[in-house]
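The next block holds one structure in the form of structure tokens; read it before the comments.
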Amino acid sequence: MSLSKAEALARDVANWRLQEYTEISFFAFYVYYVLTTMDKEVSVILPQKWNRGKLMYMIIRYGLILYIAMRFARESNLNVLLTSFLVPGLLMRPLNFAFPTYEGDYRTYFVISPEDCKAMFIIYTIARRSVFLTCDVALGLCLSALLQVGVILSIAILGLSLAIPVASAILNLVGGIQYPPEPVTGLDVELGYPCYLVSFSSFSNKTIMYDRRDIRAYTELVATIVLALLGIFALFVRYKGHNSRLIQVLRRDGGIDYLSLIGIRLVLAIIYTPSVATGASLEGSTINLVVNRANEVIITILAQRLLINMRKVDYVGTQPFVSKLLFAKSAPGSGSDDDYGEGPGFSVTGTGATEGTLHEPGFEMDEPERSGGGVVVAEEGEKQQEHRENGGTDVEKGKGKVEGGQNVV
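Residue numbers for the sequence shown follow numbering that gives the first Met the number 0, so the first one is 0 and each next one is one higher.
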């Protein structure tokens with residue numbers, strides 16, 4: 000191997016190590032988040048029956064764990080088409096190019112057949128896309144709740160949020176199935192990478208994964224801009240001066256999470272437009288890696304926070320369609336009622352005490368429970384019953400004795 004080849008290899012191996020440690024840092028942060036929020040999961044999510052809300056939370060939370068495990072297990076670092084020039088007798092390209100393909104690859108020194116590598120790629124593609132599609136559903140439901148729209152507009156918002164991601168997920172999955180398994184290069188084996196990694200050009204030439212990529216990229220950008228504008232309108236215009244408990248939660252936590260979610264999605268939509276960067280130019284880019292890992296980790300964390308915060312709210316000032324899908328009464332011990340103050344439907348006198356309290360399938364507890372206002376009314380009724388049974392308070396008993404004495408006199 001000439002000195003120029005050795006220098007090129009040393010430079011790129013150092014770059015791969017930097018990218019590996021960067022990606023591991025993001026994944027370690029996510030595992031840390033999961034471990035440190037177990038208390039919320041146990042107190043708020045686990046007591047519920049299996050329903051849409053709980054299923055969404057579990058897919059987002061643990062689907063990414065499965066995806067991370069699959070990435071650690073299968074990936075190789077060097078693409079066979081880009082590194083074969085280092086293998087004797089297979090010189091294919093000159094050295095004046097960078098190694099562009101990198102997707103979070105790890106040295107495991109496992110011996111995995113090409114067919115098994117392909118199967119693992121399909122599994123982690125399903126896990127990754129399931130997580131992101133569920134996050135997109137949560138994003139659309141949150142915006143529907145912010146705007147307080149009905150069934151038709153909620154479906155339209157969900158369609159706007161999901162149309163391109165669903166199409167991309169289908170094309171990615173079909174492309175992964177279409178691509179034939181390849182043997183691992185000798186250099187991959189020596190470096191400890193068990194599986195092949197396919198380049199952008201190979202996927203483009205042999206599969207439908209990137210068909211109509213330019214059209215999808217611009218359509219996604221337009222849809223994301225519309226979602227961002229709707230969210231800003233809902234947060235800063237529609238709810239200005241309102242004091243509803245749900246609105247307070249959305250503005251304090253849910254609103255922040257929504258804007259963060261849509262902000263990251265908007266940045267990605269801009270980056271992936273062909274006028275900014277082509278698919279081939281993004282390969283091997285450390286910046287692209289950081290943005291992708293931030294997308295995977297931060298968006299899933301924000302979506303979980305959004306679901307938790309929405310779950311803690313008893314009163315839901317939304318139309319039933321959104322409520323049925325996502326929101327319901329607080330879990331026992333959630334302790335969030337006092338944090339947000341009273342809103343409509345929480346009268347201590349009993350007037351309208353149960354207005355807005357959901358009894359629809361969504362987040363439901365195994366045991367029946369009462370909403371915040373209903374608890375107050377029920378407790379007042381119990382106190383009055385106890386009061387009558389005990390013959391009144393001490394003060395009232397004393398008053399009765401005096402009056403009785405006056406009557407005798």
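Here a beta-carbon is modelled for each residue, glycine too, at the ideal position from N, C-alpha and C.
Top-ranked residue by Cα proximity to residue i, from the options
i	options	result
Ile59	Asp213, Asp135, Pro182 and Gly262	Asp135
Ser203	Thr223, Gly175 and Leu190	Gly175
Arg212	Thr272, Lys117 and Ala13	Thr272
Thr285	Arg10, Thr21, Ile156 and Thr36	Thr21
Leu161	Leu17, Gly185, Phe131 and Ile151	Phe131
Ala216	Val225, Tyr195, Ile231 and Pro164	Pro164
Ile64	Val289, Asp38, Val41 and Phe28	Phe28
Ala72	Thr35, Asn291, Ser112 and Ser129	Ser112
Gly62	Asp38, Val30, Lys48 and Lys39	Val30
Leu258	Asp210, Glu295 and Ala302	Ala302
Ile125	Glu114, Ile23 and Met69	Met69
Glu118	Leu172, Asp256, Thr35 and Phe199	According to the sequence as given, residue 118 is Ala; it is not Glu. It is Leu172.
Phe109	Glu19, Asp187 and Ser201	Asp187
Ala166	Ile214, Ile297 and Leu34	Ile214
Val148	Ser198, Val41, Leu229 and Leu34	Leu229
Ile121	Ser198, Val41 and Ala168	Ala168
Ser129	Arg304, Ser198 and Glu295	Glu295
Met54	Ile23, Thr133 and Val150	It is worth fixing the name first, because residue 54 is Leu in this sequence and not Met. Closest option to Leu54, Cα to Cα, is Thr133.
The alpha helix (DSSP H) enclosing residue i, as first and last residue numbers
i	result
Glu181	Per DSSP, Glu181 belongs to no alpha helix (DSSP H) and is neither H nor E.
Phe202	Phe199 to Lys205
Thr218	Arg212 to Phe232
Thr124	Pro113 to Leu146
Glu189	Gly185 to Leu190
Chain-order list of residues whose beta-carbon lies under 8 Å from that of residue i (same chain, five-residue window excluded)
i	result
Ala293	Phe25 and Ile263
Val290	Val266, Leu267 and Ile270
Glu378	Confidence in Glu378 is poor, its pLDDT being 43 and thus under 50, which makes the residue's placement unreliable; the coordinate value appears in the next sentence. There are no such residues.
Test item: CB-CB of residue i and residue j under 7 Å
i	j	result
Leu8	Leu138	no
Tyr32	Ile300	yes
Tyr123	Tyr56	no
Glu114	Pro180	yes
Cys116	Cys194	yes
Leu288	Gln18	yes
Met208	Leu170	yes
Close beta carbons around residue i, own chain, < 6 Å, minus the five adjacent residues each side
i	result
Gln177	Thr206
Ala5	none
Arg127	Tyr66
Asn39	Correcting the residue type first, residue 39 is Lys in the shown sequence and not Asn. Same-chain partners within the cutoff: Ile307.
Exposed unless 16 or more other CB atoms sit within 10 angstroms - verdict on residue i
i	result
Trp15	buried
Glu189	exposed
Ile44	buried
Gly52	buried
Met37	exposed
Leu145	buried
Asp256	buried
Leu196	buried
Leu34	exposed
Gly340	Its pLDDT being 38, under 50, Gly340 is placed unreliably in this model, and the value from its coordinates should be taken loosely. Under this definition Gly340 is an exposed residue.
Chain-order list of residues whose beta-carbon lies under 7 Å from that of residue i (same chain, five-residue window excluded)
i	result
Ala268	Glu219, Leu220 and Thr223
Ala227	Ile261 and Leu265
Val275	Ile269
Ile297	Ile263
Gly88	Interpretation of Gly88 is limited by its pLDDT of 31, a score under 50 that renders its predicted location unreliable; the figure taken from the coordinates is listed afterwards. Cβ within range, chain order: n/a, list empty.
Asp210	Leu170
Ile23	none
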